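Let me begin by presenting the structure, written as structure tokens, before commenting on it.
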Amino acid sequence: MSVTKYYALLVSDKTAAQNLMNIFLKEAGLAGFSTAQSLREAVSVASKELPHIIVCYDDLADATGVQVVEALRKIPILDKALVFVIRNSTQTEIMQLMKLKIAAIGPKDTNPNAFIEKVKQKLALLHGISPFSVRGEEIPGNSQLTIKVNTKIIGRHEGHVICRSKIDARTGTMLNIVPEKTGSAPFAVTFTGASSTAKGDGYENLFSMNEIVGKGRQWLQENLPSLDKVGEGGTKKKLLVLDNKDDRIRVLSKAISIHNIETEYVADFSNLVAKYQGAAQSFGAVLFMDPPDEAAAASWEKLKQGLSAERKPIELVATVASKPKLLSQIIWLQKPFSLDLVVQSFHAAVASQHKGFEAKAMANTTFAAQYIAQAKIVTLDETGGIVQAPFLPQVGTELEFDHPFLNKMSPFKVVKVVAAELSLINPKMATVRFQVLDAGFTKEKLYTLISKAVNEAKGTGGLSRMSGGSAIPNVAGGAPKVTSFKTVTSAQPSVARPLWSVQKDTPMPKFNVGSQPKKP
Amino acid sequence: MFESTLIVSSSNCNAPLSVDEKNALKELGIATAEKPEEARVYIDKENRFATFLVTGNDLTPEVDKHLRYCADRLCTLTDFQFIVCDDPSIRLQILAHELGFRNFWPRETLVAKIRSWASEQLDILNDPSHPTAISIRLCLSIAQRKYKDITEMFDTVSEEARYDFRIANVLGHYHTARKEHDKAELAFASAHEQNPTFLPSLNSLAVAQLNAGKAELAVGTFKKLEGMNDSNPERKNFLAQACADLGLWLEAKKFAETAEKIDPGNSKSKEVRARCLFQEGKTDEAINLLNTCDTTNEYYISKLNDEAIKLSRANLIDKAIQLYETAYRISPQHLKYKLSFNIALALRRKGDPRKALAFAERAQQECKIPNFDKVNLLVETLEQEMEGK
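Protein sequence lines, in the order shown, are assigned to chains A and B. According to the numbering used here, the residues represented by the first sequence are 2 to 521, in order. According to the numbering used here, the residues represented by the second sequence are 2 to 390, in order.
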């Protein structure tokens, strides 16, 4: 899985080829492709759209495949695009193409499976980043940047400060929060450890007051309204635990009692159902000490389905999965976990069940705030770039960047998240792909801006070959010289030797659509 | 950050580090220790304050000892202490919780994760005003007994301690080291109030209460912790000590005996039991028991001294001298002169000025306080008495 989507340009004037490519490129993991049916169109589309891979299928009516590649390679910005050529070429043509840095060449009868495999291999070598990118390490200064994300503090409940935002702050990483309090200068509070629950179209981030560090702590304690007067100081919520290891659960119950957590425990699902049904309101959460077995949990699932939203339990579920699916009613405890996490998660579960008691009254008091987090630039590219951030944002979240180099480039001041996923190595970190918001910046314009600025900062005077004149070579004056087709027969295999192997016994159709009628 | 990190393997570890992993870590400047004993050298001498214990799922005595050592030495840097195992037993989880170890990591992809974690921490450490960076500096100053460093920035530390439980906790240890037990109690109470789930502050609060002579409060706090985990011999000994201070001898004996069952041969348990025996008038038994103890602390020496004074006043001078001598054997060096001085006084009372003079002169030599008049006066008096004879 990668946050980067790859796009292709198919240069072919054969409808059948386009239809087949639609299937094959999708199969190879491409997110989409454009088509160009003439040399001029190919050059024009490629230089504007910066496709990550370009597939030149056979010769065009107005140019041979070799000429197409030559024309594309004359555009410096396209230097890094992966070009695949599918045509029957002579040995000389193959040599010519090789000189033009071709990713792979194959004959028209190339096996589609082999083609798909080759594209996948080449894409894998990009390691999830765009070929039109500048790496974080190359960026002047350093790759560290500050990200600001808007949030709203909505109140406190059960020892937690509750904020609403578009980021999943459950990662436990430190965040600074700067409330824009009227009549008072903003201040920073450092939060460590947070828990989020999906609410509506965003998240409620719950920060334990225990972990709040900084002068703002006092302000939060004194100024934040309570979200649920009834809940606070009301009936104490209990933790219902499903565990069939009797000795373990007894020790656990005793251990967490010091944190005012009262537990009840059951050994199997039938008892769990009976216990919960009888007193749903008295339980703040249900803890599964081991990942529940799906079959055994059927009765429990059935019970949950029949419950009203208010009576539905929040589950704390032990899991061995590194990236469990984010669900609103489940807080995952990734093994191995500490007792601190059990305690924090239970308190967060209870806190998340606030009733928004003073929400209306609060409408008059705004507590707009910003999370400020340190992140790392992985790449900047033709649509935006990739950062590693200590939170998982929703698609569409706006991020404000603060970086000495990026501050000089207007498109990078505020960007929009287009994809994000948690890192496998460090689940506290997410890989976030963003795109610039300024619609005036085409891919070509943006990449030129970045690479030029980086090179200028390095003192090389920018990408000089990109800066002067049109990047599009002169193809005016109609169709270029059409090279006559050479018939490649099976008797000449060594001439058109494909650079990817053809797999046999494949169910896929042969990839030869040369006999299709040409466009008028 | 890499140079601050240490990876330790316990002997019950299921998946020890491979040669490749060790080499990769070495390249980063991260030290690896094969055994917890080896780790102590790194922690003490090389400022390796971030530790990863690669261990099995069970709590073995070796793991128990190592975790306590780290908690004691790296008091508040528990955010930098990691336990690496796949599915920790509940006992291991509880001890970790009690000692403030909040990070459990799986063994899988450990080296890559450490690399990524360490480079993240670099940013924090490069910002000297970051609360974590302040905590580390303070904590290392405590561990290396460089109290002057803290004294110099005391105002900042006191201010930060109001909003950061870790700094409040370090401040408590600073006051403890300076024997300012009332101030230590306040600092630990503040740390606990700020973050009640961080249990090391609560434990330190109880110890500070005991040291400040508030045994009743200490018993309450220790019992709160005891309710969570009743298999901690150290806490039982503290409870026994606090109960003895309150004159709750039966309870004290019970706690000391239970602690000794969990940790046989523990000197602290023997000390409290000996105090109980003195209370019962079984002086010989008490002295015999004390003779099996190792070096003890200042607090206990003062208790033994009180017992010996009682015996001396009751005219059981030989017993008193015997107890003084036992106390002398197990006393920390800096207190030995007081016991020698008291032995000299007792011998003088007994009417043996010659022997008394020998002990008084020993006290004179052991005393590091210049012009300690009491000792000098006693030597002078004894010399005159000898001449008079």
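Glycine residues also receive a C-beta, built at the ideal position from the N, C-alpha and C atoms. Please read these numbers as outputs of a predicted model, since none were measured by experiment.
| Check | Outcome |
| --- | --- |
| Cβ distance (whole Å) where B:Ile168 is taken to contact B:Leu139 below 8 Å | 7 Å |
| Amino acids of chain A, ordered along the chain, whose beta-carbon sits closer than 7 Å to that of B:Leu105 | It is worth fixing the name first, because residue 105 of chain B is Phe in this sequence and not Leu. Pro337, Phe338 and Ser339, listed in chain order. |
| Contact under 9 Å by Cβ, B:Asp87 with A:Pro337 | yes |
| Coarse secondary structure for A:Gln395, derived from DSSP in three states | coil |
| The region 336-354 of chain B / the region 372-380 of chain B touching (three or more Cβ pairs under 8 Å) | yes |
| Assigned secondary structure, B:Ile288 (DSSP; H/G/I helix, E/B strand, else coil) | helix |
| Short CB-CB distance (under 9 Å) between B:Tyr300 and chain A | no |
| Exposure of A:Ala480, with buried meaning 16 or more beta-carbon neighbours within 10 Å | Interpretation of A:Ala480 is limited by its pLDDT of 31, a score under 50 that renders its predicted location unreliable; no figure is taken from the coordinates. |
| Residue interval of the alpha helix (DSSP H) (run including A:Ala370) | No alpha helix (DSSP H) holds A:Ala370; the beta strand (DSSP E) holding it covers Ala369 to Asp382. |
| Beta-carbon neighbours of B:Gln94, restricted to chain A and to distances below 7 Å | Ser339 and Leu340 |
| C-beta contact flag for A:Leu342 and A:Ile168 at 9 Å | no |
| Spatial distance of A:Leu243 from A:Leu273 (CA atoms) | 7 Å |
| Beta-carbon proximity list for B:Ser12, same chain, < 8 Å, skipping 5 on both sides | Lys36, Thr61 and Glu63 |
| Start and end residues, alpha helix (DSSP H) containing B:Glu227 | Ala216 to Met229 |
| Closer than 9 Å to chain B by CB, A:Val318 | no |
| Cβ contact check for the region 108-115 of chain B and the region 12-29 of chain B: 3 or more pairs under 8 Å | yes |
| Neighbouring residues, chain A, relative to B:Met2 (Cβ below 7 Å) | Simply none; closest approach about 15 Å. |
| DSSP state of B:Lys149 mapped onto helix, strand, coil | helix |
| Residues that DSSP places opposite A:Glu263 in a beta bridge | A:Lys239 |
| Beta carbon proximity, A:Val379 to chain B, threshold 9 Å | no |
| Rounded C-alpha distance that separates B:Cys294 from B:Arg274 | 11 Å |
| Residues that A:Asn206 bridges to, as DSSP identifies them | A:Cys164 and A:Ser197 |
| Cα-Cα separation between B:Glu97 and B:Gln82, rounded to whole angstroms | For the sequence presented, residue 97 of chain B should be read as Ala rather than Glu. Their backbone Cα atoms lie some 10 Å apart in a straight line. |
| Listed by chain order, chain A residues near B:Asp165 by CB distance under 7 Å | Val214 |
| Simplified DSSP assignment, three categories, for B:Pro371 | coil |
| Sheet register partners of A:Thr36 (DSSP bridge) | A:Leu11 |
| Exposure of B:Gly30, with buried meaning 16 or more beta-carbon neighbours within 10 Å | exposed |
| Where the alpha helix (DSSP H) containing B:Glu258 begins and where it ends | Trp250 to Ile263 |
| Coarse secondary structure for A:Ser227, derived from DSSP in three states | strand |
| Delimiting residues of the alpha helix (DSSP H) encompassing B:Val208 | Leu200 to Asn212 |
| For B:Leu29, the residue or residues it bridges with in DSSP | DSSP, once it has assigned bridges, lists no residue as partnering B:Leu29. |
| Buried or exposed by the 16-neighbour rule on C-beta atoms within 10 Å, applied to B:Pro333 | exposed |
| DSSP-derived helix/strand/coil call for B:Cys277 | helix |
| CA-to-CA distance, A:Pro412 to A:Phe442, given in whole angstroms | 8 Å |
| Chain A contact for B:His98 (CB, 9 Å cutoff) | yes |
| Distance, A:Phe406 Cα to A:Ile140 Cα | 8 Å |
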